[in-house]
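Numbering (our numbering), first residue to last: 1 to 877.
Beneath this line is the structure, given in structure tokens, with notes to follow.
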RNA sequence: AGGCGCGUGGCUCAGUGGUAGAGCGCUUCCUUGACACGGAAGAGGUCGGUGGUUCAAUUCCACCCGCGCCUACCA
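Structure representation (structure tokens):
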């Protein structure tokens, strides 16, 4: 080892060197053959279609520190990394990046290549339409690039991932397992397909599940519209925020106890403009206080409409198409009855093809016209100007326009009949922090719909399903044809089902592909099974599943955590993991969530360059689980300072030459006893996943007890010639303390600790990598060495050192200044304590004549400086 | 609207039924033999508010205020 004075730790060089060596030597490798207890992590596969930001660094480092601790603790750690590349985020990114749209009608092009589109320059050229096959190729190509960026960040950060366990959610194996999952659920009766009103995003043109829906407060307006009665007797005014759905009105509802409308119940009303006769029924779900207390039921304005439609067996009048525009309809037909079909068709005609927003304008105009009145008085149906309101509206979380309820055929996983089991499963899992279990609970309790798993998209895992085509050319959805498990993964749009030939595709008596893909969560909810191999590797699966730890962030408890629990329950009637660790978010300095759209994202690479990976890790690890933290560069500086201090302290310890001997000096024994206490507390915290508390404990000990005090106190003895036994004891203590503290720090700051370890400890401790060295244990410190230590000796010495420093500072002298005379007063107990390490104290204080007055009246543990005489300054050198 | 979390020195955060903690920032001092990417000494807080329990409350309880999130609320 060559250590030059003034040498600094070069973090960048160390990161490259050690990261490479760790991989070459398989330091983080899961040992398939080992019988050692395992620790299995269900690593979150990052969505690779997003930009990197410090939030990624933050949460992934928090998992890594637990993995590293468990590994040093002797566990056979399984720590894989996956990439979540399938799904809408990738599709959207490809659409924007290449300025393309997928159109399954376009034929596949071989040797297809595209350049990134230069941001369209506002030219408004329509996106190029490309085939499904080519679209998927672009998705794969782009995600491959993104995965590289993530991987290099993870490696730079020093995540102790076992890279031989890498997977991606669009890979053959993931597709195969996702399709196996579907087959298993089908066989067990947990999935079904159904044509029903479903929440639909009109821009992405796909169904979405309840878990992906969020409420957004939107501006709207109550429109008060007068309806007539079919028998001409009376009228009433409904209030609606969606007048454009008037043509789809199928009923009117009022509260059963509302006297105002009691006379209307059971009779038939007539809609204005379209003159459709509709029943008036009573429902306790109607809020008498809201609007006018009576409302129109449409197919479909909201979830309550869907409920009433089912409950009252109302007819379906779907006017909204999958593209969010009004479809052409024929009034006077069986499905769209009207008392005045000619007028109704004349009114509706211009609305067909319009968006919801445009249609609303058109309808409001019609409602202002007395001609549309459903009553005899001939007054305009819109009885007053619209009253603006703010109200919550359901959106797809990634969407820009409100969701609509549109009747389509979709596949669902039954959840509503398993809520009790799901709640019980959540309770069997340990949540960190514990209160996070409430988010799971409240989500599960409030679940209202089965899980819609089909998406009308392209870059995803296809359903392994075909339908028989009847002789009349219809798909028989009741008798789906499932793929053979052995044939998976399949793509039904290109593969033929078992028992059929390719030429029978779309032919009467043949088959038709299910063209949908799975909800990405259908695959993501299998990350434990994908990592373990599940039914493809039963032996391995048994060893790895249920897993130990699922780390994730809180906003996806309702999706990722929830669906993973669902799958484990439905497939194997178990929980997927024993612990869930929920990381917080990194907020910007104004405490706002970082997001690309807000432009407040802090990217990690420059921070790694500027402060080093260990410092960035330090920042990540100083925040507790579950707690959102404002990004603060100051903490990075503190981390860098710790790295430097470790480097220098180690340099000092390892440059002290001389033989070690038994640890015998009272001060050394007392210090080792303290170290032992630190080890115990840090270990306890880490075992409970409280890495931040552990770091705090270790760091506090390192600065407070080690560098600032113990090292200063024994420097003289470690270098002195006069006391060989004392010197040998000091050297042994310093080296033990370094070894132990390095190992305590190793999971947190793996690079600097490995660097120092490599100087001499790798050889003397018989373990080439500190990350495979044993986590410190109390026994190793005891071993007869610290037993019988008088811990007070150290405490008293600290008090002494403080008093001397204060006295010198008050006298305007430096810490290193010699004292000719120092007189102290203390309680006899304290004075006796001081005597036990007197030699060290005299040397540390650099005092020639030290005397301690015994005063029984004083408080124990307090020192009073009676006199402090500075020595003559040495002559100028 | 219900639930959960948070509110501690200028900033970022720990913590605790018994005279308040850290780091950064600030003031003063110091190139000393591991470290100026450092060290020493200091100033700075009635721990969101009001009640209650207790010998004692920043900590426990109730209510309130502010912020954040979760769930619900679409007529």
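Glycine is no exception: its CB is placed at the ideal position from the N, C-alpha and C atoms.
Please report how far the alpha carbon of residue i lies from the alpha carbon of residue j, in whole angstroms.
i: residue 9; j: residue 636; result: 16 Å
i: residue 224; j: residue 109; result: 55 Å
i: residue 794; j: residue 858; result: 20 Å
i: residue 731; j: residue 439; result: 53 Å
i: residue 877; j: residue 761; result: Any reading at residue 877 must be qualified, since the residue scores a pLDDT of 39, below 50, and its modelled position is unreliable; no value is offered.
i: residue 58; j: residue 424; result: 31 Å
i: residue 305; j: residue 316; result: 11 Å
i: residue 869; j: residue 777; result: 45 Å
i: residue 13; j: residue 591; result: 34 Å
i: residue 124; j: residue 360; result: 27 Å
i: residue 272; j: residue 397; result: 35 Å
i: residue 1; j: residue 662; result: Below a pLDDT of 50, predicted positions are generally treated as unreliable, and residue 1, at 48, falls in that range; no measurement from the model is reported.
i: residue 675; j: residue 845; result: 24 Å
i: residue 696; j: residue 745; result: 11 Å
i: residue 513; j: residue 203; result: 24 Å
i: residue 76; j: residue 28; result: 9 Å
i: residue 619; j: residue 613; result: 10 Å
i: residue 875; j: residue 752; result: Because the pLDDT at residue 875 is just 49, under 50, the model does not fix this residue reliably, and the value given afterwards should be weighed accordingly. When rounded, the distance between both Cα atoms is 41 Å.
i: residue 65; j: residue 621; result: 8 Å
Starting from the Cα of residue i, find the closest Cα among the options and give me that residue.
i: residue 816; options: 16, 830 and 872; result: 872
i: residue 285; options: 279, 253 and 581; result: 253
i: residue 581; options: 837, 432 and 790; result: 432
i: residue 192; options: 843, 528, 245 and 182; result: 182
i: residue 293; options: 262, 322, 276 and 623; result: 262
i: residue 405; options: 511, 97, 14 and 199; result: 199
i: residue 326; options: 350, 313 and 307; result: 350
i: residue 689; options: 833, 302, 239 and 579; result: 579
i: residue 314; options: 272, 345, 249 and 359; result: 249
i: residue 670; options: 773, 780, 850 and 791; result: 791
i: residue 517; options: 564, 473, 452 and 477; result: 452
i: residue 348; options: 358, 367, 335 and 328; result: 328
i: residue 826; options: 835, 803, 813 and 853; result: 853
i: residue 672; options: 781, 386 and 169; result: 781
i: residue 267; options: 289, 287, 247 and 229; result: 229
So what does DSSP say about residue i, is it helix, strand or coil?
i: residue 82; result: strand
i: residue 228; result: strand
i: residue 715; result: helix
i: residue 288; result: coil
i: residue 442; result: helix
i: residue 12; result: helix
i: residue 710; result: helix
i: residue 488; result: coil
i: residue 312; result: coil
i: residue 676; result: helix
i: residue 864; result: strand
i: residue 385; result: coil
i: residue 219; result: strand
i: residue 307; result: helix
Output the boundary residues of the alpha helix (DSSP H) element that contains residue i.
i: residue 346; result: 341–348
i: residue 614; result: 613–621
i: residue 410; result: Counting along the chain, residue 410 falls outside any alpha helix (DSSP H), though it belongs to the beta strand (DSSP E) covering 404–413.
i: residue 527; result: 527–532
i: residue 640; result: 633–655
i: residue 835; result: 828–835
Could you tell me the boundaries of the beta strand (DSSP E) in which residue i lies?
i: residue 251; result: 249–254
i: residue 200; result: 191–201
i: residue 589; result: Careful: residue 589 lies outside any beta strand (DSSP E) and carries neither H nor E.
i: residue 210; result: Premise fails: residue 210 is in no beta strand (DSSP E) and is neither H nor E.
i: residue 38; result: 38–40
i: residue 541; result: From DSSP, residue 541 is part of no beta strand (DSSP E) but of the alpha helix (DSSP H) over 538–544.
Are the stretch 343–355 and the stretch 167–184 in contact at 8 Å, needing three or more beta carbon pairs?
No: fewer than three Cβ pairs fall under 8 Å.
Inter-stretch contact (C-beta, 8 Å, three-pair minimum) for the stretch 537–549 and the stretch 41–51
Contact holds: three or more Cβ-Cβ distances are below 8 Å.
Given 8 Å as the limit, is there contact between the stretch 449–457 and the stretch 136–146, that is, 3 or more CB pairs closer than that?
Touching, no.
Stretch-stretch touch, CB-based, cutoff 8 Å, three pairs: the stretch 741–759 with the stretch 644–654
Inter-segment contact for the stretch 741–759 and the stretch 644–654 is present: three or more beta-carbon pairs are separated by less than 8 Å.
Is it a yes or a no for the stretch 97–115 touching the stretch 79–87, going by three-plus beta-carbon pairs under 8 Å?
No, because fewer than three Cβ pairs between the stretch 97–115 and the stretch 79–87 fall closer than 8 Å, the two stretches do not touch.
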